[in-house]
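All letters in the sequence shown, in the order written, are residues 8 to 40 by the working numbering.
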Amino acid sequence: MSQKGFTLIEFLLAFTLGAIILSIIYGVLFTTI
Numbered sequence: 008m009s010q011k012g013f014t015l016i017e018f019l020l021a022f023t024l025g026a027i028i029l030s031i032i033y034g035v036l037f038t039t040i
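Right under this line is the structure:
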């Protein structure tokens with residue numbers, strides 16, 4: 008019962024969300040500083 012497809016999709020979604028969140032955090036930090 009290996010669901011590599013779902014795992015890969017979930018990994019890509021998590022990576023994209025993480026990148027967006029990190030970019031927003033860095034943008035706020037650089038704007039504040």
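Ideal Cβ positions, reconstructed from N, Cα and C, are used throughout, including at glycine. The structure displayed is predicted, hence computed values, not measured ones.
Through-space distance from residue j to residue i, alpha-carbon basis
i: Q10; j: I40; result: 44 Å
i: F13; j: F22; result: 14 Å
i: F18; j: I31; result: 20 Å
i: V35; j: I28; result: 11 Å
i: L20; j: F37; result: 26 Å
i: I16; j: G25; result: 14 Å
Where residue i falls: helix, strand or coil (DSSP)
i: I40; result: coil
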